[in-house]
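2 protein chains.
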Amino acid sequence: MAAPSSDRRRKQPGPRDERKSRTRRGLLDAALARLSGEQSFSSLSLREVTKDAGVVPAAFYRHFPTMEALGMSLVEESFATLRGLMREVRSEPLPTTHLIRQSVDTFLEYVLEHELHFRFIAKERYGGSSTMRMAIRQEIRLFTSELATDLARMPRLATVSSADLQLISSLVVQTIIAASELALDARPDDASELPRIADEAERKLQIILLGAAVWRSDQSR
Amino acid sequence: MAAPSSDRRRKQPGPRDERKSRTRRGLLDAALARLSGEQSFSSLSLREVTKDAGVVPAAFYRHFPTMEALGMSLVEESFATLRGLMREVRSEPLPTTHLIRQSVDTFLEYVLEHELHFRFIAKERYGGSSTMRMAIRQEIRLFTSELATDLARMPRLATVSSADLQLISSLVVQTIIAASELALDARPDDASELPRIADEAERKLQIILLGAAVWRSDQSR
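From first to last, the protein sequence lines are chains A and B.
Going by numbering that gives the first Met the number 0, the letters in the first sequence line up with residues 0 to 220, in that order.
Going by numbering that gives the first Met the number 0, the letters in the second sequence line up with residues 0 to 220, in that order.
In structure tokens, the structure reads:
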């Protein structure tokens with residue numbers, strides 16, 4: 000449902016709004032920068048983030064109610080665009096092997112372009128804060144569901160039950176995430192490492208989809 | 000090569016050795032206890048560990064040269080017995096589906112019995128300390144190689160190349176590790192969650208091995 004429009008809503012953002020959104024971005028970026036090293040989210044303090052962003056601690060609350068809310072925003076913005084991108088790739092009328100290659104390349108490229116976000120995600124996926132862990136798991140679940148919906152349209156997976164499509168999607172997502180985590184740790188001096196990671200991920204996805212195609216949902220028990 | 004035996008080596012551990020090994024254990028357990036909460040290894044200090052173990056900070060160095068050496072010992076002891084156990088399961092003359100079920104059950108049971116160790120492993124696998132990250136990755140690699148060796152003996156994987164057996168093993172290991180990480184986060188009030196996690200892991204492994212059996216190593220490019 001569209002929000003009712005009003006003069007107040009329709010007005011252009013003024014200099015105050017711009018400043019506000021710049022500060023918000025500054026806080027998010029300060030947290031990301033801190034988290035790219037050895038520090039983990041649960042040891043990150045509001046004071047550190049505001050100091051690095053160049054605002055007084057009390058100013059934090061104009062942008063986020065809690066540190067966890069800031070963390071949730073980081074999780075959200077990490078996945079929002081990526082999910083759309085991946086669906087776009089999958090909507091192209093290409094043979095499966097091409098779709099796999101394109102999906103792997105698009106995913107890894109996006110992760111490496113948003114390195115700080117995904118270093119944060121990799122670290123917090125099993126990190127100390129259970130709120131972050133659950134938020135990330137939720138995003139991955141959404142990702143997995145969207146993939147299952149797209150896989151349901153593949154003729155060779157027509158006999159696979161919805162529950163098993165979720166399983167297969169979860170295998171695919173887990174494989175691509177594992178590859179992206181290796182990619183983030185790839186040594187910059189070894190030019191062959193990234194292509195090898197992408198190549199292995201592709202072959203793994205091919206094996207999974209081969210298995211999925213011969214899998215009958217009623218066979219196991 | 001066996002170490003040369005000597006009277007000194009053969010003697011029974013005296014009370015001093017026993018005390019020494021008790022203190023060493025105390026330091027390892029103190030670290031594990033700290034790491035089971037929100038704290039991560041890179042934020043753990045020698046002072047915290049010795050305080051919890053009830054020894055003076057300087058005593059630490061009689062047992063470990065550095066905090067990282069203590070971390071490495073934790074990584075090592077997490078995997079040492081588990082690897083042997085899994086090979087034992089796989090050596091039993093059972094049909095594949097039974098082997099899969101038994102492997103999943105054995106793995107998850109072991110992880111839950113050594114909960115603190117594997118909470119530490121889950122957290123540090125992508126955590127802030129690159130030394131821990133690499134040590135854990137090395138253990139997982141060893142695990143994967145051993146599985147590949149055992150898979151090589153399966154008649155239906157006879158046409159799969161060694162490189163692809165490594166890939167398949169890595170898929171299997173990644174799947175079982177992901178399941179164990181979910182098991183560690185399972186809610187104790189929901190009795191159906193652990194069986195569901197085990198069941199899904201089993202089905203995923205079946206799909207992977209099905210795919211592996213129809214996979215020809217030369218087909219991909």
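From the three backbone atoms N, C-alpha and C, an ideal C-beta is built for every residue, glycine too.
- The beta carbons of leucine 34 (chain A) and leucine 43 (chain A) sit closer together than 8 angstroms.
- A direct Cα-Cα distance of roughly 12 angstroms separates methionine 71 (chain B) from arginine 136 (chain B).
- In this structure, the alpha-carbon of threonine 158 (chain A) lies about 27 angstroms from that of serine 169 (chain B).
- Not one beta carbon of chain B lies nearer than 8 angstroms to the beta carbon of valine 110 (chain A).
- Residue state for aspartate 188 (chain B) is assigned as coil, using DSSP reduced to three classes.
- Burial is judged here by how many other beta carbons sit within 10 angstroms of a residue's own beta carbon; methionine 66 (chain B) has at least 16 and is buried.
- In this chain, the alpha helix (DSSP H) harbouring serine 168 (chain B) covers 161 to 183.
- Of the candidates B:Phe40, B:Val54, B:Arg46, B:Gly36, B:Val54 places its Cα closest to the Cα of arginine 21 (chain B).
- For the segment 168 to 189 of chain B, the beta-carbon criterion of a distance under 8 angstroms to any beta-carbon of chain A is satisfied by Ser169, Leu170, Gln173, Thr174, Ala177, Glu180, Asp184.
- In this structure, DSSP gives histidine 116 (chain A) a helical state, which the three-state scheme calls helix.
- If you check the CB distance, leucine 146 (chain B) and tyrosine 109 (chain B) do not come in under 8 angstroms.
- DSSP, read as helix, strand or coil, puts glutamate 91 (chain A) in coil.
- The residues Ala182, Ala185, in chain order, have a CB closer than 7 angstroms to that of leucine 193 (chain B) in the same chain once the five nearest residues on each side in sequence are set aside.
- For arginine 100 (chain A), the CB contacts under 7 angstroms within the same chain, skipping 5 residues up- and downstream, are Glu201 in chain order.
- Taking C-beta separations shorter than 8 angstroms and ignoring five residues to either side along the sequence, the partners of glycine 126 (chain A) in its chain run Ser39, Phe40, Ser41, Arg132, following chain order.
- With fewer than three CB-CB distances shorter than 8 angstroms, the segment 146 to 156 of chain A does not count as touching the segment 117 to 124 of chain A.
- Taking 8 angstroms as the cut-off, the beta carbon of valine 48 (chain B) is found no closer than this to the beta carbon of alanine 197 (chain B).
- Taking CB atoms only, glycine 36 (chain A) has a neighbour in chain B less than 8 angstroms away.
- Neighbours of alanine 121 (chain B) in chain A, taken as residues at a C-beta separation under 7 angstroms, are given in chain order as Tyr125.
- Shown here, phenylalanine 106 (chain B) sits in a helix according to DSSP, grouped into three states.
- In the three-state reduction of the DSSP assignment, histidine 62 (chain A) falls in the coil class.
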